[in-house]
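To keep things clear, I will list the structure first and then write my remarks on it.
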Amino acid sequence: MKRNLTKTGLSLAILVATLLLGAVLTAHAQAPIFTIEPAILSTANGGTISVYASSAAGVTFVPTTTVRMVGYGLLSTQVVNPLALQAVVPPGLAAGTYTLQALGTSDGDYDLGTIRLVAPLKNSLQQKRKA
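Positions -13 to 117 (the numbering used here) are the ones given, in order, by the sequence shown.
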């Protein structure tokens, strides 16, 4: 009887260890990969960006997915298909690097990556004329 309890205890310990390992591996599954194009926009013009999700990641955009530009707010967003969306960055924002987030995907909210807004270069000829 004592031998059966030891075997049962050992089997139970192996089962628990296996379940814990499976949970850890699941928690560290590959994070979704997103691509943003273009990655640089002019502050003067803003523009439309396209965001693509990797089909291997298992995350899809749904009709209500919205892009948030951290430090600015929500962008006008159009979901093109489950793996692509477009968002409009308005003109006149401050130059800098902004983090983009997808809110309300099929699997929650995700950081998409960053875009950079740059001030337009001033024409050196115009600067010389003013001098």
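Glycine included, C-beta positions come from ideal geometry on N, C-alpha and C.
Residue i versus residue j: straight-line alpha-carbon distance, rounded
| i | j | result |
| --- | --- | --- |
| residue 95 | residue 48 | 12 Å |
| residue 78 | residue 58 | 11 Å |
| residue 97 | residue 87 | 4 Å |
| residue 63 | residue 75 | 10 Å |
| residue 67 | residue 46 | 9 Å |
| residue 32 | residue 50 | 23 Å |
| residue 37 | residue 80 | 22 Å |
| residue 30 | residue 101 | 15 Å |
| residue 71 | residue 41 | 14 Å |
| residue 73 | residue 21 | 13 Å |
| residue 89 | residue 104 | 25 Å |
| residue 65 | residue 92 | 12 Å |
| residue 69 | residue 85 | 19 Å |
| residue 28 | residue 53 | 19 Å |
| residue 83 | residue 23 | 14 Å |
Start-to-end residues for the beta strand (DSSP E) that takes in residue i
| i | result |
| --- | --- |
| residue 118 | Residue numbering for the chain in the displayed model covers -13 to 117; residue 118 lies beyond these limits and cannot be assessed. |
| residue 62 | 59 to 67 |
| residue 53 | 52 to 55 |
| residue 22 | 20 to 23 |
| residue 32 | Here residue 32 belongs to no beta strand (DSSP E), and DSSP marks it neither H nor E. |
Residue i, buried or exposed, once every other Cβ within 10 Å from all chains shown has been counted against 16
| i | result |
| --- | --- |
| residue 61 | buried |
| residue 56 | exposed |
| residue 107 | exposed |
| residue 35 | buried |
| residue 25 | exposed |
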